[in-house]
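Participant: With the sequence shown counted from 1, adding 2 to any position gets you my numbering. All C-beta atoms, glycine included, are put in the ideal place defined by N, C-alpha and C. Bear in mind that the values here come from a model prediction, so they are computed numbers and not experimental data.
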Amino acid sequence: QTEIWLIPEDWEVVELGKIATFNQWFQVWLEYQFLEKKEWMKRFIRIVDFTKSWEEPIRFIENKNWNFHVKEEDLIMIRYWSQTAWKVIRWFDWIIANNMFKLNFSQWNLDYLYYYLSSESVYNDLVWWQNSSTMPAISFWYVWKLKLPLPPLSEQKAIAEILSSLDDKIELLEKQNKTLENIGQALFKSWFVDFEPFQNDLVESEMGMIPRGWKVESLDENITFLNWTALQNFKPKNDWTDFNVIKIRELS
Numbered sequence: 003q004t005e006i007w008l009i010p011e012d013w014e015v016v017e018l019g020k021i022a023t024f025n026q027w028f029q030v031w032l033e034y035q036f037l038e039k040k041e042w043m044k045r046f047i048r049i050v051d052f053t054k055s056w057e058e059p060i061r062f063i064e065n066k067n068w069n070f071h072v073k074e075e076d077l078i079m080i081r082y083w084s085q086t087a088w089k090v091i092r093w094f095d096w097i098i099a100n101n102m103f104k105l106n107f108s109q110w111n112l113d114y115l116y117y118y119l120s121s122e123s124v125y126n127d128l129v130w131w132q133n134s135s136t137m138p139a140i141s142f143w144y145v146w147k148l149k150l151p152l153p154p155l156s157e158q159k160a161i162a163e164i165l166s167s168l169d170d171k172i173e174l175l176e177k178q179n180k181t182l183e184n185i186g187q188a189l190f191k192s193w194f195v196d197f198e199p200f201q202n203d204l205v206e207s208e209m210g211m212i213p214r215g216w217k218v219e220s221l222d223e224n225i226t227f228l229n230w231t232a233l234q235n236f237k238p239k240n241d242w243t244d245f246n247v248i249k250i251r252e253l254s
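#1: With a cut-off of 8 Å, do at least 3 Cβ pairs link the stretch 16-32 to the stretch 102-114?
#2: Which residue or residues does DSSP assign as beta-bridge partners of N106?
#3: Please report how far the alpha carbon of I80 lies from the alpha carbon of F142, in whole angstroms.
#4: Take every Cβ of the stretch 108-119, pair it with every Cβ of the stretch 151-165, and state whether three or more of those distances are shorter than 8 Å.
#5: Which runs of the beta strand (DSSP E) fall wholly inside the stretch 129-180 and span at least 3 residues, in chain order?
#6: Can you tell me the Cβ-Cβ gap for I91 and I78, rounded? I've got them flagged as a contact below 8 Å.
#7: In whole angstroms, give me the CA-to-CA distance for E33 and L148.
#8: Taking all protein chains shown into account, decide if D76 is buried (16 or more other Cβ within 10 angstroms of its Cβ) or exposed.
#9: Who pairs with K44 in a beta bridge, going by DSSP?
#10: What residue does the alpha helix (DSSP H) around L77 start on, and which one ends it?
#11: Taking DSSP's pairing of strands, which residues face I98 in a bridge?
#12: Return helix, strand or coil for L204, following the three-state DSSP convention.
#13: By how many angstroms is the C-alpha of K177 removed from the C-alpha of D222?
#14: Measure the Cβ-Cβ separation of N271 and K44 and say whether it is below 8 Å.
#15: Would you mind reading off the limits of the alpha helix (DSSP H) that contains L115?
#16: Should R214 and L204 be called a contact, given that it needs their Cβ atoms to be closer than 8 Å?
#17: With 16 as the cutoff for other CB atoms within 10 Å, does F70 come out buried or exposed?
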């Protein structure tokens with residue numbers, strides 16, 4: 003038993019600040035950010051590249067300080083913003099903005115540390131420690147004091163390999179699901195939009211050509227709608243607690 007939970011006897015619990023150092027850059031003014039990349043420039047990454055990537059153009063800056071240049075294997079933590087705060091990211095080659103910081107480790111397995119620092123338990127701890135509700139942010143002191151279980155290096159590598167293998171399988175299944183989804187959409191379009199199986203037996207309708215025997219009707223002729231009111235207006239009058247409520251934010 004340890005201060006975090008039960009761990010094997012040959013593991014230890016350490017504070018993140020005892021095994022890591024942090025690099026955080028300063029703010030780069032907009033006039034020093036460029037839309038066109040030159041040979042001596044690097045991609046400059048900001049929080050908006052994660053939260054509003056469809057609105058913000060890619061930007062580049064001069065690569066003057068390698069302390070803030072992160073490589074694909076490096077671990078980066080995002081400090082601010084409700085959608086991204088406390089997230090740990092990697093697999094990029096860029097220069098980080100002042101609202102992120104790089105975690106530097108000397109001897110530990112980075113894959114193991116990435117998986118642990120990306121875990122739900124760490125995320126929940128950091129959410130608890132956030133120092134603002136309107137603009138959530140991480141204090142370096144809290145990150146420094148964050149406790150994590152460290153197995154021997156060989157076990158770190160083994161754990162990371164298992165988790166990486168599971169990630170690869172999940173990615174493969176997601177690609178297969180996407181392929182099946184595309185096939186399903188293509189079949190639906192073929193049958194119910196282009197009417198390819200019925201090309202020799204189409205008739206005119208108010209919506210255009212449709213297969214013979216089909217008809218055009220409005221949606222409200224075939225279904226009924228149920229729309230309730232705001233839940234807080236109706237408090238429970240008994241002890242029933244087994245009804246689930248679906249909210250719009252849970253569907254997005």
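Facilitator: Considering the structure as presented:
#1: Verdict: yes, contact present.
#2: T23
#3: 12 Å
#4: yes
#5: 149-152
#6: Indeed they touch by this definition, with Cβ atoms about 5 Å apart.
#7: Here the alpha carbons of L148 and E33 stand approximately 37 Å from one another.
#8: buried
#9: I63
#10: That residue, L77, is in no alpha helix (DSSP H); its beta strand (DSSP E) goes L77 to I80.
#11: I47
#12: Shown here, L204 sits in a strand according to DSSP, grouped into three states.
#13: In a straight line, the C-alpha of D222 is about 37 Å away from that of K177.
#14: There is simply no residue 271 to check, as the chain begins at 3 and stops at 254 in what is shown.
#15: Where L115 is concerned, the enclosing alpha helix (DSSP H) starts and stops at L112 to L119.
#16: In this structure, L204 lies closer than 8 Å to R214 by Cβ.
#17: buried
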